[in-house]
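Colleague: The following block contains the structure, expressed as structure tokens.
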Amino acid sequence: MSDVSLEDALSKVARARRVRALDATLLTLLILAVWQAVGIWTRGVAIAPPLQTLAYLFDLFGTAMFWNHAAATLYAFFLAFVLASLIGLALGLIFGVHRFTGEVAEPILAGFYTIPKVTLYPVVLLIFGLGLSAKVAFGVMHGLVPMTLFTMGAVRSLPPVLIRTAKVLRLSPVRTMLWVLLPACLPDVVNGLRISFSLTMLGVLIGEMFSSQRGLGFLLVNGMAQNNVPLSTAVVLIIVVLAIAANTLMLRLARLTAHR
Amino acid sequence: MTRRRAALLVRIALLAGLVLLLEICCRTGIVDPLTVIPPSEMFASMIERVSSGELDEGIIQTFSTIALAFVLAVVSGTLGGVLLHRQSRLRDIVDPLLASYYSVPTFIFYPLLVALLGLGKAPLVSLGVLSAAPAVMISTLSGLDGVSPVLLKLARVHRLSPARTLWWIVLPDALPRLFSGLKLALSYALIGVIAGEFILSGTGLGYSISYAYQSFDNRAMYGLMLFVLLVAVIANGVLYVWEGRLARRRSTG
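Chains as they are written, first to last, in the numbering used here: chain A, 4 to 263; chain B, 5 to 257.
Structure representation (structure tokens):
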């Protein structure tokens, strides 16, 4: 009896998995079809069709020029992401534990989150000068707020007994953060990292698209300016694939930490 | 209530203090006036520029583009959300796309849109719609999902027509989620359009800011920047307060 129901359950899971695989294939085909259709419709003046883009991408991977630009973007992004997540984490923990500070800060942060930050980029350029540090600073400006807000929300919704226990055990504030708060908020922190990841990337790319000579953002704008359609399409493809892959990975990670 | 008011007061004092500090730093030369001009100068420059009428064209251009993108995003996002809610098979297929949509920086499509549609209003509107419509779609879906089955049964028992069910049952129940979609859509449309104008365009407020930067006209740049940011903060703030009112009215019944 129990064997039968187990088999039933297993076959149900297998079927669900097959349906999901079918869905993923359908979605991929749908996207490729739309891409191909737009490519044909515009006769390749704006968007190169999938096959041509892939061929071009393959050649691009063989050039040192591409890797230089990719490395510039990845380096700036890496610095910005580390800074945004560490500062955001620290701020979020402080604002979460100290309620009143959090209440004062939250609308300011939320307001900053919704303004068009691109208008502030000239100020960043004036302060940091053209180059790496301006890109990094702009990336941090984008990624910092979601990290802070997510961490703060997570700390606020913790059961108060955890903080009281830490107090009873007379843990120092730093130990309370590292041993109690951080592990307890891990799933939300990972989600904050996920949002912060994509926004930091957006900040770095916008920085590169405006008055920069290096990086994937520059390559994209340059490809368009030189009418090199396969180049700009290929760069967009790389960024989209990277972004989705990172997002999927972190979603998995968040689910893993949540199950514990 | 008093705690909220205290937080508000501290917040205002904090922001005012920061502005004052910046003013002092600029006036005493701690901050180079070639980098940042004093806030009072920014404000004066903004008033000059807005009252002189030189901005009128840019203002009309930018805000009509944002409004158009917002309306299109809300209409298409709502229709899309309703469609996906009805067609669960289609929804299963599109769901991963919606889930990871906002991890992709939509802005990178802008150069392609410019190449496709030419420099002008069309690529900006498309960019605004591309970045705002999915938010509306997602919140429409979650709003419709959140309508409690009991209420729908009640509607059936009373034999309400579909239109009346929508108007009397579904809309009021889904309102908070729909509203948060609208709020997101406005700020995404605003960010998209102004960023597009800033990076690659020949008109609008975003373009004026980047033009002022490139011609080293700091005074004009800061005035324009302040204007755009103030408008954005006020627009988002109005929706934020309105949303809070809606939520409180619901919770008090």
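C-beta: ideal position from N, C-alpha, C; glycine also.
Whose CA, out of B:189, B:218, B:250 and B:55, lies closest to the CA of residue 236 of chain B?
Modeller: In the second sequence, the residue the question calls residue 236 of chain B occupies position 232. Considering only alpha carbons, the answer is B:189.
Colleague: Helix, strand or coil: which one does DSSP assign to residue 4 of chain A?
Modeller: Start at 1 with the first residue of the first sequence, and residue 4 of chain A comes out as number 1. Confidence in residue 4 of chain A is poor, its pLDDT being 48 and thus under 50, which makes the residue's placement unreliable; the coordinate value appears in the next sentence. In this structure, DSSP gives residue 4 of chain A a state outside helix and strand, which the three-state scheme calls coil.
Colleague: State the Cα-Cα distance for the pair residue 4 of chain A and residue 11 of chain A, rounded to the nearest angstrom.
Modeller: Within the first sequence, the letter at position 1 stands for residue 4 of chain A. Within the first sequence, the letter at position 8 stands for residue 11 of chain A. Because residue 4 of chain A sits at a pLDDT of 48, beneath the cut-off of 50, its placement in the model cannot be relied upon, and the following sentence gives the value as read from the coordinates. Going by the C-alpha atoms only, they are around 11 Å apart.
Colleague: Helix, strand or coil, according to DSSP, for residue 58 of chain B in the structure here?
Modeller: Translated into positions along the second sequence, residue 58 of chain B becomes position 54. Three-state result, residue 58 of chain B: coil.
Colleague: Look at the alpha carbon of residue 144 of chain A and the alpha carbon of residue 27 of chain A, and state the distance between them as a whole number of angstroms.
Modeller: Counted from its first residue, the first sequence places residue 144 of chain A at position 141. Counted from its first residue, the first sequence places residue 27 of chain A at position 24. So the alpha carbons of these two residues sit roughly 35 Å apart.
Colleague: Does the stretch 103-118 of chain B come close enough to the stretch 79-89 of chain B that 3 or more CB-CB pairs lie under 8 Å?
Modeller: no
Colleague: Exposed or buried, residue 62 of chain B, counting other C-beta atoms within 10 Å across all chains shown (16 or more means buried)?
Modeller: By one-based count along the second sequence, residue 62 of chain B stands at place 58. Flag for residue 62 of chain B reads buried.
Colleague: Using a Cβ cut-off of 8 Å (strictly closer), state whether residue 73 of chain A contacts chain B.
Modeller: On the first sequence, position 70 is the one that residue 73 of chain A refers to. No - not a single Cβ of chain B is within 8 Å of the one on residue 73 of chain A.
Colleague: Beta carbon of residue 107 of chain B, beta carbon of residue 246 of chain A: below 8 Å?
Modeller: Within the second sequence, residue 107 of chain B is the residue found at index 103, counting from 1. Within the first sequence, residue 246 of chain A is the residue found at index 243, counting from 1. Yes, Cβ-Cβ distance for residue 107 of chain B and residue 246 of chain A is below 8 Å.
Colleague: Whose C-beta lies closer than 8 Å to the C-beta of residue 69 of chain A among residues of the same chain, with five residues either side of it excluded?
Modeller: By 1-based counting over the first sequence, the position of residue 69 of chain A is 66. Answer for residue 69 of chain A: 63 and 222, listed in chain order.
Colleague: Taking the alpha helix (DSSP H) that residue 145 of chain A belongs to, which residues open and close that run?
Modeller: Along the first sequence, read from residue 1 onward, the residue named residue 145 of chain A stands at position 142. Where residue 145 of chain A is concerned, the enclosing alpha helix (DSSP H) stretches over 135-159.
Colleague: Excluding sequence positions up to five away, which residues of its chain have a Cβ less than 7 Å from the Cβ of residue 156 of chain A?
Modeller: For this step, residue 156 of chain A is matched to residue 153 along the first sequence. Same-chain partners within the cutoff: 191.
Colleague: Residue 174 of chain A lies in the alpha helix (DSSP H); which residues open and close that run?
Modeller: The residue you call residue 174 of chain A lines up with position 171 of the first sequence. From DSSP, residue 174 of chain A is part of no alpha helix (DSSP H); its letter is neither H nor E.
Colleague: Strictly under 8 Å for the Cβ-Cβ distance: is residue 15 of chain B near chain A by that measure?
Modeller: Along the second sequence, one-based indexing puts residue 15 of chain B at 11. The C-beta of residue 15 of chain B comes closer than 8 Å to at least one C-beta of chain A.
Colleague: What does the Cβ neighbour count give for residue 186 of chain A, buried or exposed, with the cut at 16 atoms within 10 Å?
Modeller: Translated into positions along the first sequence, residue 186 of chain A becomes position 183. Exposed, because fewer than 16 other Cβ atoms sit within 10 Å of the Cβ of residue 186 of chain A.
Colleague: What does residue 199 of chain B reach in chain A if we use C-beta pairs closer than 7 Å?
Modeller: Position 195 of the second sequence, counted from the start, is the residue given in the question as residue 199 of chain B. For the C-beta of residue 199 of chain B, the chain A residues within less than 7 Å are, from N- to C-terminus, 119, 121 and 209.
Colleague: Going along chain B, which residues have a C-beta under 7 Å from residue 26 of chain A?
Modeller: Looking up residue 26 of chain A in the first sequence gives position 23. Within chain B, the residues near residue 26 of chain A are 96 and 97.
Colleague: How long is the line joining the alpha carbons of residue 49 of chain A and residue 25 of chain B, rounded to whole angstroms?
Modeller: As a position in the first sequence, residue 49 of chain A is number 46, starting the count at 1. As a position in the second sequence, residue 25 of chain B is number 21, starting the count at 1. Spanning the two alpha carbons is a distance of roughly 49 Å.
Colleague: For the alpha helix (DSSP H) that residue 9 of chain B lies in, which residues bound it at each end?
Modeller: Taking the second sequence and counting its residues from 1, the one referred to as residue 9 of chain B is at position 5. It spans 6-31 - the alpha helix (DSSP H) in which residue 9 of chain B sits, taken as one unbroken run.
Colleague: Hey, how far is the Cα of residue 231 of chain A from the Cα of residue 181 of chain A?
Modeller: By 1-based counting over the first sequence, the position of residue 231 of chain A is 228. By 1-based counting over the first sequence, the position of residue 181 of chain A is 178. The C-alpha of residue 181 of chain A is placed about 50 Å away from the C-alpha of residue 231 of chain A.
Colleague: Go through its chain and collect everything with a Cβ distance to residue 152 of chain A's Cβ below 8 Å, but skip five positions before and after it.
Modeller: Position 149 of the first sequence, counting from 1, holds the residue named residue 152 of chain A. Answer for residue 152 of chain A: 95, 109, 112, 113, 116 and 195, listed in chain order.
Colleague: Among residues of its own chain, excluding the 5 on either side of residue 91 of chain A, which ones have a beta-carbon nearer than 6 Å to its beta-carbon?
Modeller: For this step, residue 91 of chain A is matched to residue 88 along the first sequence. Same-chain partners within the cutoff: 147, 150 and 151.
Colleague: Tell me whether residue 89 of chain B sits in a helix, a strand or coil according to DSSP, three-state version.
Modeller: Within the second sequence, numbered from 1, the residue matching residue 89 of chain B stands at position 85. Reduced to three states, the DSSP call for residue 89 of chain B is helix.
Colleague: Go to residue 46 of chain A, then tell me how far its alpha helix (DSSP H) extends in each direction, as first and last residue.
Modeller: By 1-based counting over the first sequence, the position of residue 46 of chain A is 43. Run containing residue 46 of chain A: none; DSSP gives neither H nor E here.
Colleague: Please list the partners that residue 153 of chain A has in chain B, where partner means a Cβ-to-Cβ separation under 7 Å.
Modeller: Taking the first residue of the first sequence as position 1, residue 153 of chain A is located at position 150. In chain order: nothing, as chain B lies at least about 14 Å away.
Colleague: Note down, in chain order, every chain A residue with its Cβ under 8 Å from the Cβ of residue 107 of chain B.
Modeller: Locating residue 107 of chain B in the second sequence gives position 103, counting from the first residue. Within 8 Å Cβ-Cβ: 197, 200, 201, 246, 247, 249 and 250.
Colleague: Helix or strand or just coil, what does DSSP make of residue 65 of chain A?
Modeller: Locating residue 65 of chain A in the first sequence gives position 62, where the first residue counts as 1. The answer is coil: DSSP assigns residue 65 of chain A none of H, G, I, E or B.
Colleague: At the level of alpha carbons, what is the spacing between residue 254 of chain A and residue 131 of chain A?
Modeller: Sequence index remark: in the first sequence, residue 254 of chain A carries index 251 (1-based). Sequence index remark: in the first sequence, residue 131 of chain A carries index 128 (1-based). If you take the alpha carbons of residue 254 of chain A and residue 131 of chain A, they lie about 34 Å apart.
Colleague: Please name the residues in the stretch 129-152 of chain A whose beta-carbon is closer than 8 Å to at least one beta-carbon of chain B, in chain order.
Modeller: Contact residues of the stretch 129-152 of chain A toward chain B are 129 and 130 (C-beta to C-beta distance below 8 Å).
Colleague: By Cβ distance below 7 Å, which residues in the same chain neighbour residue 235 of chain A in space, the five residues on each side in sequence not counted?
Modeller: Here residue 235 of chain A corresponds to residue number 232 of the first sequence, with the count starting at 1. 223, 226 and 227.
Colleague: Return no unless some Cβ of chain A is closer than 8 Å to the Cβ of residue 183 of chain B.
Modeller: Residue 183 of chain B sits at position 179 when you count from the first residue of the second sequence. Not one chain A Cβ lies under 8 Å of residue 183 of chain B.
Colleague: Which of helix, strand or coil does DSSP assign to residue 203 of chain B?
Modeller: Against the second sequence, residue 203 of chain B aligns to sequence position 199. Residue state, collapsed to three classes: helix.
Colleague: Suppose you measure from the CA of residue 161 of chain A to the CA of residue 73 of chain B; what does that come to, to the nearest Å?
Modeller: Residue mapping note: residue 161 of chain A aligns to position 158 of the first sequence, counting from 1. Residue mapping note: residue 73 of chain B aligns to position 69 of the second sequence, counting from 1. Going by the C-alpha atoms only, they are around 40 Å apart.
Colleague: Using the Cα positions of residue 9 of chain B and residue 210 of chain A, report the straight-line distance between them to the nearest angstrom.
Modeller: Translated into positions along the second sequence, residue 9 of chain B becomes position 5. Translated into positions along the first sequence, residue 210 of chain A becomes position 207. CA-CA distance, residue 9 of chain B to residue 210 of chain A, rounds to 38 Å.
Colleague: Hey, could you find the ends of the alpha helix (DSSP H) residue 213 of chain B is sitting in?
Modeller: The residue you call residue 213 of chain B lines up with position 209 of the second sequence. Here the alpha helix (DSSP H) through residue 213 of chain B covers 208-218.
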